[in-house]
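I have placed the structure first, in the form of structure tokens, so that the comments after it can refer back to it.
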Amino acid sequence: MAEFRFCPQCATPLAWLSQMEDGGEVMRLRCTACDFTHWNNPTPVLAGIVQVGDQILLARNAAWPGRRFALITGFMEAGETPEDGIRREIAEETNLQVQSLKLIGVYDFQRMNQVIIAYHAVAEGQVRLSPELAEYKMFAPQDIICWPAGTGYAMGDWLRTIGIEPKFMSWEERAAQSQEPNQD
Numbered sequence: 023m024a025e026f027r028f029c030p031q032c033a034t035p036l037a038w039l040s041q042m043e044d045g046g047e048v049m050r051l052r053c054t055a056c057d058f059t060h061w062n063n064p065t066p067v068l069a070g071i072v073q074v075g076d077q078i079l080l081a082r083n084a085a086w087p088g089r090r091f092a093l094i095t096g097f098m099e100a101g102e103t104p105e106d107g108i109r110r111e112i113a114e115e116t117n118l119q120v121q122s123l124k125l126i127g128v129y130d131f132q133r134m135n136q137v138i139i140a141y142h143a144v145a146e147g148q149v150r151l152s153p154e155l156a157e158y159k160m161f162a163p164q165d166i167i168c169w170p171a172g173t174g175y176a177m178g179d180w181l182r183t184i185g186i187e188p189k190f191m192s193w194e195e196r197a198a199q200s201q202e203p204n205q206d
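Add 22 to the 1-based position in the sequence shown for my numbering, that's all there is to it.
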């Protein structure tokens, strides 16, 4: 993530300054000229475990090296609910129409400063990928290996709801893996 360097209100360089807030003293990027505070709040991200028939669709982002496959994810738009947002993301990225949707959970993803809102989506239609996705694969739930971060925890929680104990790859396997299909 790019770090703010200048105040968006007056263009003065920002500085790490400590200030009393409701919860006590907090160090944040602040402007010494106009008192602007860069809050650096986490970004809400939507994630969908997309089920088509009895299989799960995982996709590879066109910008990713190797052959890692992940859930359908995206950012909420202003004015939409998380449910509307994940329906939109699934339709935009795969051309599938969501028939039913169930919240799996909300997950902290500190490395990316994100909060992931994950859903199980039963969908139908003909898959047609958006340009941001390079390819997709369909997996039987029992064959999915979860990444030990981010949406991998959501996948693990969903697998448990259908009676499957999830398998998580180790961080070493994840770092070394560039040719095997897995999910985030």
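Even for Gly, the Cβ is constructed at its ideal location relative to N, Cα and C.
Because the structure is a prediction, the values reported are computed rather than measured.
In this structure, Ile126 sits near Asp179, with a CB-CB distance shorter than 8 Å. Ile112 is positioned such that its CB atom lies no closer than 8 Å to that of Ala84. Burial state of Ala37 is exposed, judged by a 10 Å Cβ sphere holding fewer than 16 other Cβ atoms. Counting along the chain, Glu47 sits inside the beta strand (DSSP E) bounded by residues 46-53. Rounded to the nearest angstrom, the gap between the Cα atoms of Ser152 and Glu114 is 7 Å.
Residue Ala162 holds the alpha-carbon nearest to the alpha-carbon of Gln73 among Ala162, Phe28, Thr65, Glu99. Annotation: Glu187 is outside any beta strand (DSSP E) and is labelled neither H nor E by DSSP. The closest CA to that of Gly185, considering only Ser192, Met191, Met177, is found on Met177. Between the alpha carbons of Gly75 and Gln121 lies a distance of about 12 Å. Closest option to Arg27, judged by alpha-carbon separation, among Gln119, Asp165, Thr59, Met160: Thr59.
If you draw a straight line from the Cα of Pro64 to the Cα of Tyr129, it comes to about 11 Å.
In the same chain as Pro104, and ignoring 5 residues on each side of it, the C-beta atoms closer than 7 Å to its own belong to Leu68, Met98, Ile139, in chain order.
Look at Ala171 here: in three-state DSSP terms it is coil, with no helix or strand label.
Non-local beta-carbon contacts of Ala55 in its own chain, meaning distances under 6 Å to residues more than five positions away in sequence, involve Cys32, Thr34 in chain order.
Taking C-beta atoms as the reference points, Ile108 and Ile166 fail to come closer than 8 Å.
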